[in-house]
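Notes for the one structure printed next.
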């Protein structure tokens, strides 16, 4: 028998072996990622009583060491990262990042395609990361920060809220970042108009807000000139529970099918073929589509939304809360 008669069988066997090897390799990678995530989560929980890079502070707070070269030249590239469906968070992140040396690029995590990419940051860089506060938490967007990967990268964290409370948002954001290789350098809580009513925090951010954001950026940059400690952030663990609002925006018969709402939605809850409808399970109630609709077709209606907006306006328009900086 000619040896070539064995080739199909050998080829089939080789393909099966390669298939099993590939499956094993994918399983091993997943296990390694899980172990790394668990280790980082453990380190973030015990950070207040452990040392970091061999430096120990009297209060057992982790102290991060800046090398002499970094301290002398401060050649850290600053990258602005934000999830900002209606623009308020983006404004604050840019103001903080602009006040830091060597402002680099931006990553708009509002865009689903950007969240699907992998963004790597080293220990020689610094990021300014901001999110809005929804229900006292980080927005419940699947994979919001999954594409970010740091290597002990300093991070300035921003929580932007509608003049109510930040609750556990900064604590949660800090934990999510720690699990991805980032270390909180500084943080800030800033006010922007409420999603459900433009009357709440109208006119924010104002000149004072932006000045405070710039101050946060400058003071965060100063911390990097020597050994630094992570700030103490407000919030509870476990984080507060919440229920999503029982309403969401839809379009009416004045819809022109222009697609502006489709492009504005950060979670792809509006299908291009049916722009009047909204997937209520995907929708995060940011109302970006309402603001983007040039025809005024998209809106939230019903007694539940009207009662919620009225309650917020009654409770949250009596006092404008100032910015809070955590260093």
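Numbering (the working numbering), first residue to last: 331 to 657.
Quick reminder that beta carbons are idealized off the backbone N, C-alpha and C, glycines included.
All values derive from a computational prediction rather than experimental measurement.
At least three beta-carbon pairs within less than 8 Å, the region 435-445 to the region 563-576: no
Run of the alpha helix (DSSP H) containing residue 546, from where it starts to where it stops: Counted from its first residue, the chain shown places residue 546 at position 216. Residues 537-553.
Short Cβ contact (7 Å threshold) for residue 585 with residue 619: To locate residue 585, count along the chain shown from 1; it is residue 255. To locate residue 619, count along the chain shown from 1; it is residue 289. Not in contact: residue 585 and residue 619 (Cβ atoms no closer than 7 Å).
Cβ-based burial, residue 523 [other Cβ within 10 Å; buried from 16]: Position 193 of the chain shown, counting from 1, holds the residue named residue 523. The residue is buried, with at least 16 neighbouring Cβ atoms inside 10 Å.
Selected residue, minimal CA-CA separation from residue 554, among 537, 473, 514: Stepping through the chain shown from its first residue, residue 554 is reached at position 224. The shortest Cα separation from residue 554 among 537, 473, 514 belongs to 514.
Minimum C-alpha distance to residue 544 - residue among 623, 448, 518: Along the chain shown, one-based indexing puts residue 544 at 214. Considering only alpha carbons, the answer is 518.
Cβ-based burial, residue 571 [other Cβ within 10 Å; buried from 16]: As a working mapping, residue 571 is identified with position 241 in the chain shown. Counting Cβ neighbours within 10 Å, residue 571 comes out exposed, since fewer than 16 surround it.
Which of helix, strand or coil DSSP assigns to residue 613: On the chain shown, position 283 is the one that residue 613 refers to. It is coil, neither helix nor strand.
Every unbroken alpha helix (DSSP H) inside the region 496-527 [4 residues or more]: 499-508
Residue 580 - DSSP class collapsed to helix/strand/coil: Residue 580 sits at position 250 when you count from the first residue of the chain shown. Residue 580 falls in the strand class under three-state DSSP.
Closest Cα partner of residue 528 within the set 640, 406, 627: Locating residue 528 in the chain shown gives position 198, counting from the first residue. Measuring from the Cα of residue 528, the nearest candidate turns out to be 640.
Rounded Cβ spacing between residue 483 and residue 460 (contact assumed at less than 8 Å): Taking the chain shown and counting its residues from 1, the one referred to as residue 483 is at position 153. Taking the chain shown and counting its residues from 1, the one referred to as residue 460 is at position 130. That pair is no contact at about 16 Å.
Close beta carbons around residue 668, own chain, < 6 Å, minus the five adjacent residues each side: Here the chain has residues from 331 to 657 only, and residue 668 is not among them.
Residue 617 beta carbon less than 7 Å from that of residue 493: Here residue 493 refers to the residue found at position 163 of the chain shown. Here residue 617 refers to the residue found at position 287 of the chain shown. Contact flag unset, no.
Cβ separation of residue 623 and residue 578, assumed to be a contact under 8 Å, to the nearest whole Å: As a first step, residue 623 is located in the chain shown; it is residue number 293 there, counting from the start. As a first step, residue 578 is located in the chain shown; it is residue number 248 there, counting from the start. Contact doesn't hold; Cβ gap of about 14 Å is too wide.
Buried or exposed (CB count within 10 angstroms, at least 16 for buried), residue 429: By 1-based counting over the chain shown, the position of residue 429 is 99. Buried.
Length of the line joining the Cα atoms of residue 470 and residue 502: Translated into positions along the chain shown, residue 470 becomes position 140. Translated into positions along the chain shown, residue 502 becomes position 172. Their Cα atoms are separated by approximately 11 Å.
Helix, strand or coil at residue 562 according to DSSP, with G and I counted as helix: Here residue 562 is taken as the residue at index 232 of the chain shown, counted from 1. It is coil, neither helix nor strand.
Local Cβ density within 10 Å of residue 448, reported as buried at 16 or more and exposed below that: Mapped onto the chain shown, residue 448 falls at position 118. Around the beta carbon of residue 448, fewer than 16 other beta carbons lie within 10 angstroms, which makes this residue exposed.
First and last residue of the uninterrupted beta strand (DSSP E) at residue 569: The count along the chain shown starts at 1 and reaches residue 569 at position 239. Judged by DSSP secondary structure, residue 569 falls outside any beta strand (DSSP E); it is assigned neither H nor E.
DSSP-derived helix/strand/coil call for residue 486: Along the chain shown, read from residue 1 onward, the residue named residue 486 stands at position 156. Residue 486 falls in the strand class under three-state DSSP.
Three-state class that DSSP yields for residue 598 in the structure shown: Stepping through the chain shown from its first residue, residue 598 is reached at position 268. DSSP places residue 598 in coil when its eight states are reduced to three.
Short Cβ contact (7 Å threshold) for residue 426 with residue 458: Reading the chain shown from its first residue, position 96 is the one you call residue 426. Reading the chain shown from its first residue, position 128 is the one you call residue 458. Result yes, Cβ atoms of residue 426 and residue 458 sit closer than 7 Å.
Which of helix, strand or coil DSSP assigns to residue 402: As a position in the chain shown, residue 402 is number 72, starting the count at 1. For residue 402, the predicted structure reports a pLDDT of 38, less than 50, and the residue's modelled location is therefore unreliable. A value from the coordinates is still provided. Three-state result, residue 402: helix.
Burial state of residue 634 (16 or more Cβ within 10 Å): To locate residue 634, count along the chain shown from 1; it is residue 304. Exposed, because fewer than 16 other Cβ atoms sit within 10 Å of the Cβ of residue 634.
Rounded straight-line distance, which links the Cα of residue 412 to that of residue 478: As a position in the chain shown, residue 478 is number 148, starting the count at 1. As a position in the chain shown, residue 412 is number 82, starting the count at 1. C-alpha separation (whole angstroms): 12 Å.
Beta-carbon proximity list for residue 498, same chain, < 7 Å, skipping 5 on both sides: Your numbering for residue 498 matches position 168 in the chain shown. Excluding sequence neighbours, residue 498 sits near 466, 467, 565, 566, 569, 570.
Selected residue, minimal CA-CA separation from residue 654, among 445, 431, 547, 473: Locating residue 654 in the chain shown gives position 324, counting from the first residue. Of 445, 431, 547, 473, the residue nearest in Cα terms is 547.
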